[in-house]
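S.K.:
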Ligand SMILES: N[C@@H](CCC(=O)N[C@@H](CS)C(=O)NCC(=O)O)C(=O)O
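In the numbering used here, the protein residues as written are 1 to 215.
1. Could you name the residues of the same chain whose beta carbon sits closer than 7 Å to that of residue 157, not counting the 5 residues immediately before and after it, in chain order?
2. With H, G and I counted as helix, E and B as strand and the rest as coil, what does DSSP make of residue 172?
3. With 16 as the cutoff for other CB atoms within 10 Å, does residue 131 come out buried or exposed?
4. Please confirm whether any heavy atom of ligand 1 lies closer than 6 Å to the CB of residue 164.
5. With respect to the alpha helix (DSSP H) encompassing residue 119, which residues constitute its N-terminal and C-terminal limits?
6. Taking 7 Å as the threshold (C-beta atoms), are residue 54 and residue 7 in contact?
7. Does the distance between the C-beta of residue 169 and the nearest non-hydrogen atom of ligand 1 fall short of 6 Å?
8. Name the DSSP bridge partner or partners of residue 61?
9. Can you give, in chain order, each stretch of the alpha helix (DSSP H) that sits fully within the stretch 7-79 and has at least 4 residues?
Right, dumping it as structure tokens:
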């Protein structure tokens, strides 16, 4: 049965899309217009009670939370497409560790920048340079840790690409795109090489082709 992905044209959903493509999982997309508030419609809230995308339906299994969804598909299709979980329990531990780092350390300051710089103006808010600088400083410290980590291995969990790397794609794409702070990546040699590698994957290029102008 073909997987259904609700609300595919958002950053969190793109995290799922790139993994579905890497795993060679067939899917169809169901649009959810966030600007019209369709994520808060009673029918949609039955699928996702917090009113956010993505949601996937895989047969009888309905799931939300993008990072839970990518873990699910990477495990379900472990032996199909790119292995994104590592071969040993130790590798798996590192994949999980860096997935958590993405969610807990990397994502919050970038999300702050996206909300202030990209979406704030849609709500008539002018970005406050002091608050932007604070988020940038927080992110900078996180990126220094990444730079050090990537001096020891090509990818976050070691010498193999994994969910941990791919999970960074959508919001880093905002950072180098509409946020206009690509220098935060380019000023760090190892981080810059890692970004070129993961963002150059055919799977991510396909996602970008689906939503031109999103980032
Ligand atoms: N932690 C959730 C975040 C989901 C999320 O915030 N999605 C945004 C789009 S990127 C959304 O649906 N926003 C709708 C809203 O806030 O009303 C995940 O990773 O799936």
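Note that the Cβ used here is the ideal one computed from N, Cα and C, for glycine as well. These numbers come from a predicted model, not from an experiment.
M.R.: On the basis of the data shown:
1. 86, 91, 94, 95, 98, 164
2. helix
3. exposed
4. no
5. Premise fails: residue 119 is in no alpha helix (DSSP H) and is neither H nor E.
6. yes
7. no
8. 58
9. 11-23, 42-47, 66-76
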